[in-house]
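Worksheet for the structure shown next.
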Amino acid sequence: MTVLELRTSDGVDLAAETADAQGDPDASVVLLHPHPQMGGDMHSPVTAHLFSHLPDSGVSVLRFDFRGAGRSGGAFGGGSDETNDVRAAIAEQCARTEMPVWLVGWSFGADVSLLVDDPNVLGWVCVTPPLSQPGIADVAGRDPRPKHLLVAEHDQFRDPESAAVAVEGWVNTGVAVIKGADHFLAGRLHSLADSVVDLVRPAPDGDRAAADHD
Numbered sequence: 203m204t205v206l207e208l209r210t211s212d213g214v215d216l217a218a219e220t221a222d223a224q225g226d227p228d229a230s231v232v233l234l235h236p237h238p239q240m241g242g243d244m245h246s247p248v249t250a251h252l253f254s255h256l257p258d259s260g261v262s263v264l265r266f267d268f269r270g271a272g273r274s275g276g277a278f279g280g281g282s283d284e285t286n287d288v289r290a291a292i293a294e295q296c297a298r299t300e301m302p303v304w305l306v307g308w309s310f311g312a313d314v315s316l317l318v319d320d321p322n323v324l325g326w327v328c329v330t331p332p333l334s335q336p337g338i339a340d341v342a343g344r345d346p347r348p349k350h351l352l353v354a355e356h357d358q359f360r361d362p363e364s365a366a367v368a369v370e371g372w373v374n375t376g377v378a379v380i381k382g383a384d385h386f387l388a389g390r391l392h393s394l395a396d397s398v399v400d401l402v403r404p405a406p407d408g409d410r411a412a413a414d415h416d
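For the sequence shown, our numbering gives the first residue as 203, with consecutive numbering after it.
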């Protein structure tokens, strides 16, 4: 693990950490944590678990504290200012790995990720997204890149049925249900990590060719 500091385009210093895959990475990910005003930071359970386990599966990761959270400077920006934080993280991770990135966010982090249309993003994996940030549909709904929503069966903030309704009409968007889980995913973190790896790692040529043929 490497500790570093990011500087956003509006001059905020952010704490960040990286973990590299063994050998050449198959994929590169930026992790986004839950709501800072509810105690969220880059060491929150889901973010921490993915940071620890994705490198073992060939995925290089970067996590960071949003402004006003953890060891980062600045103050909470309502979600819109935090898009500058994400862009700084994307730029750093792309420079480090020389690869485009997937954005993988949990809760508030998932919502913020969907507001970021950076060209260096391959797609989004949104873990229990509340889908409550203004403007999400205008940005993500029209974007042709893949958006994978992983919604907990018993989520307290956005259940699978209402999530499906909220993203109806979005381009290239899928909703998968995490059975038996609530918003905090206790007991589901290992299977979640496996799902994220499956989504962000490129498909073998044969699998891709078969999918294209279908």
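We treat Cβ as the ideally placed atom computed from N, Cα and C, and that holds for glycine.
Can you say whether LEU394 is buried or exposed, counting buried as having 16 or more other CB atoms within 10 angstroms of its CB?
With 16 or more other Cβ atoms within 10 Å, it is buried.
Tell me which same chain residues have a C-beta within less than 7 angstroms of the C-beta of ALA223, skipping the five on either side of it?
PRO257, GLY260, VAL261 and SER262
Tell whether a beta-carbon distance below 8 angstroms holds between ALA218 and GLU294.
yes
Do VAL379 and PRO404 have their beta-carbon atoms positioned less than 8 angstroms apart in this structure?
no
Can you give the Cα-Cα distance for GLY275 and VAL214, rounded to whole angstroms?
C-alpha separation (whole angstroms): 6 angstroms.
Measuring only the C-alpha atoms, how far is LEU305 from VAL367?
23 angstroms
Measuring only the C-alpha atoms, how far is ASN322 from ARG289?
9 angstroms
Is the distance from the Cβ of ALA277 to the Cβ of GLY242 below 8 angstroms?
no
For THR375, count neighbouring C-beta atoms within 10 Å of its own C-beta (all shown protein chains included) and say buried if the count is 16 or more, exposed if not.
buried
Which partner residues of VAL303 appear in the DSSP bridge assignment?
VAL323
DSSP-derived helix/strand/coil call for ASP414:
Note that ASP414 scores 38 on pLDDT, short of 50, meaning its location in the model is unreliable and no value can be drawn from it.
Check the C-beta distance from VAL232 over to VAL303 and give it rounded, since I have them as a contact under 8 angstroms.
Contact flag correct, Cβ pair sits at about 5 angstroms.
Which residues bound the beta strand (DSSP E) around ALA229?
229-234
Please identify the residue among LEU316, GLY225, ARG273 and ASP212 whose C-alpha is closest to the C-alpha of TRP326.
LEU316
Apart from the five residues just before and just after ILE292, which ones in its own chain have a Cβ nearer than 7 angstroms to its Cβ?
If we look at ILE292 and ignore the five residues flanking it on each side, its Cβ neighbours are VAL232, VAL303, ASP320, ASN322 and VAL323.
Name, in chain order, the residues that DSSP records as bridge partners for PHE386.
DSSP lists no partner for PHE386.
Based on DSSP bridge pairs, tell me the residues matched to SER262.
SER230
Among PHE253, ASN286 and CYS296, whose alpha-carbon lies nearest the alpha-carbon of ARG269?
ASN286
As a quick exercise: from HIS251, ASP357, PRO336 and ALA312, pick the residue whose alpha carbon is nearest that of GLY382.
ASP357
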